[in-house]
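Numbering (full-length UniProt numbering), first residue to last: 1 to 603.
Here a beta-carbon is modelled for each residue, glycine too, at the ideal position from N, C-alpha and C.
What follows is one structure encoded as structure tokens, with my remarks underneath.
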Ligand SMILES: Nc1ncnc2c1ncn2[C@@H]1O[C@H](COP(=O)(O)OP(=O)(O)OP(=O)(O)O)[C@@H](O)[C@H]1O
């Protein structure tokens, strides 16, 4: 018994029962109590139907030939048992519906919670493998699993109630039957619990490997990777890597299941022994007059019920264990601090008339890195100017932009807006004054208009402004050629979608940025896919297009950097040089060395 209570305690810890119940309560309110009421009713009616059956058999076995009284009693019991049976099936159908409704509601609720949490998580979350494991498990659990857990949980409660009903019936026959049956049936239950937990621990340990195999699978099956995989003939190589992992996982899982099956074979044989021991026990009691033939009938009806009830309970518990890892990941995810920098104290109105954005002795180390990526950066971005950040690969340019968008805070030093530290502003307000086209910009499978509108969703869509933005970015000519112009769905993901070139997608991303209200427009390699004529058209008139706004350009092309008022040259996380393009070329320092040879050829 100590073992059982220990198992139950472990189970309770493992599957956070209280959290699941509170989740069900939140998702379905008082309907939960109605469900429990139906479950209770179902058990009471079940007990009543068994009891009426026993009574019927007893009347039949004791009845005198052609006795009118017995005749009436039999009719009464048959009618009563029939009516109770009908009521039982009606209640059972409705309680099954209620359980299903409960789990569907809970599943929807959980999905909503996961998504709103994912939206609130800071960028750092997506850059940690262990957090990603939690998110993967939570997403895997998404639609189905919380529903399955809740169904299993309610099923366990329902079966426990039925077990009480069957137990009461067995007590009516003879109380000794209860411990006798428990002795033979419990080992099966314990074996299942033990192996469910073992399998659960194994699953937790294997999540990184599962994730790796899912990664191989996605490489093999997604459209984005399909081109390169065919070009390099990587298909079979990746498939083999995937198969190696799947084989390891399958072998380990099957080995655990085989051990469980062997032990279960022994324990179920034992429970069968138990049945016959009980039948023998009642038969002997019947001969000695302490039990009736009705009792034997009742046992023969009730016992298979009790056995299947116990099987359901252990099955339900193993479902709980199997899913607990996923469901706990949901709770783990929901309980993670969103990491969103604390809302600032400064009024957002101060953001309307910013004169300068400044990096003051800024150093930054990524959360899972040991070495700093940015070291003691001091730079100034005056409002209305075009400022460029240049430097070789890995110098820290994009990292600097992440700090500018407040996706991260500096590890040392401050990013200042005039005299106010970034950290004193609400991050959302702050991001509102930044518009960015990242190197890995998003390609939204929405209409061309929506792709642009996403730059400023806080005001109703303005078609004229969207067209202006598309003209500024150079997207307008190709949008006009699309079958439904601005209403054409982009990409091939959805029906009637039109795929466009990567350069055209980049022009859409640029249009999104121009459409925004942001005062600071960040163009991080934002013209890398544009042809030279399109890039020149964008930069030659960038100042007019900005309309007094500020631009921060990152580019590896000298032709783009030449348009900047001032350039900061980053090398190995520090500012190695700064000045105008002409001054930097004159200096003949690292900037000139990086661009001069190239620019001679390119420009
Ligand atoms: N998410 C990250 N987590 C940890 N370290 C990172 C992360 N992103 C970048 N780094 C580190 O920061 C360094 C600078 O990266 P960053 O993307 O800022 O360079 P970059 O100057 O923009 O390079 P490129 O010209 O190739 O775009 C990288 O070499 C890498 O070591």
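Assuming residue 273 and residue 184 make a contact with CB atoms under 8 Å, what is their CB distance in whole Å? 6 Å
Ligand 1 and residue 506: does the residue's C-beta get closer than 7 Å to at least one heavy atom of that ligand? no
Cβ-based neighbour list, residue 470, same chain, cut-off 7 Å, excluding 5 preceding and 5 following: 452, 476, 479 and 511
Between 315, 328 and 55, which lies nearest to residue 264 when the distance is taken from Cα to Cα? 315
Do the CB positions of residue 271 and residue 188 come within less than 8 Å of each other? yes
Excluding the 5 residues flanking residue 28 on each side, which residues of the same chain have their C-beta closer than 6 Å to its C-beta? 102 and 105
Consult DSSP for residue 474 and reduce its assignment to one of helix, strand or coil. coil
Locate the alpha helix (DSSP H) running through residue 457, then write down its first and last residues. Segment: none, residue 457 is in no alpha helix (DSSP H) and carries neither H nor E.
Element boundaries [alpha helix (DSSP H), containing residue 376]: No alpha helix (DSSP H) holds residue 376; the beta strand (DSSP E) holding it covers 374-382.
In three-state terms, what does DSSP make of residue 527? coil
Answer yes or no: the CB of residue 398 versus the heavy atoms of ligand 1, is any distance below 7 Å? yes
Could you tell me which residues DSSP puts in a beta bridge with residue 577? 569
Whole-angstrom distance between residue 566 and residue 542, CA atom to CA atom: 15 Å
Apart from the five residues just before and just after residue 585, which ones in its own chain have a Cβ nearer than 6 Å to its Cβ? 592
Sequence-distant residues of its chain with Cβ nearer than 7 Å to residue 454 (five each side left out): 444 and 512
Which of the three DSSP states is assigned to residue 121 in this structure? coil
Counting pairs of beta carbons, one from the region 373-393 and one from the region 542-554, are three or more of them closer than 8 Å? yes
Determine contact between the region 492-499 and the region 407-418, defined as no fewer than three beta-carbon pairs at a distance below 8 Å. no
Tell me which same chain residues have a C-beta within less than 7 Å of the C-beta of residue 380, skipping the five on either side of it? 356 and 358
Any non-hydrogen atom of ligand 1 within 7 Å of residue 373 CB: yes
Which complete beta strand (DSSP E) runs does the region 8-59 hold, if anything under 3 residues is left out? none
May I ask which residues mark the beginning and end of the beta strand (DSSP E) holding residue 412? 412-417
Whole angstroms are fine: how far does the CA of residue 589 sit from the CA of residue 576? 9 Å
CA-CA distance, residue 18 and residue 76? 46 Å
If the criterion is Cβ atoms closer than 8 Å, does the pair residue 536 and residue 506 meet it? no
Please name the residue, chosen from 472, 59 and 26, that lies closest to residue 293 on a Cα-to-Cα basis. 59
Just checking residue 369 against ligand 1 - is the residue's beta carbon closer than 7 Å to any of the ligand's heavy atoms? yes
I need the straight-line Cα distance from residue 43 to residue 309, nearest angstrom please. 12 Å
Buried or exposed: which applies to residue 595, given that a residue is buried once 16 or more other Cβ atoms fall within 10 Å of its Cβ? buried
Compute the minimum distance between the beta carbon of residue 635 and the heavy atoms of ligand 1, and state whether it is under 7 Å. The question about residue 635 has no answer here: the residues shown for the chain are numbered 1 through 603.
Whose C-beta lies closer than 8 Å to the C-beta of residue 530 among residues of the same chain, with five residues either side of it excluded? 474, 503, 506, 507 and 538
Whole angstroms are fine: how far does the CA of residue 61 sit from the CA of residue 164? 27 Å
Going by alpha carbons, who is nearest to residue 55 out of 113, 295 and 96? 295
Check whether the Cβ of residue 395 lies closer than 7 Å to any heavy atom of ligand 1, and answer yes or no. yes
Hey, would you say the C-beta of residue 366 is under 7 Å away from at least one heavy atom of ligand 1? yes
Cα-Cα separation between residue 11 and residue 326, rounded to whole angstroms: Because the pLDDT at residue 11 is just 45, under 50, the model does not fix this residue reliably, and the value given afterwards should be weighed accordingly. Taking the straight line joining both Cα atoms gives about 14 Å.
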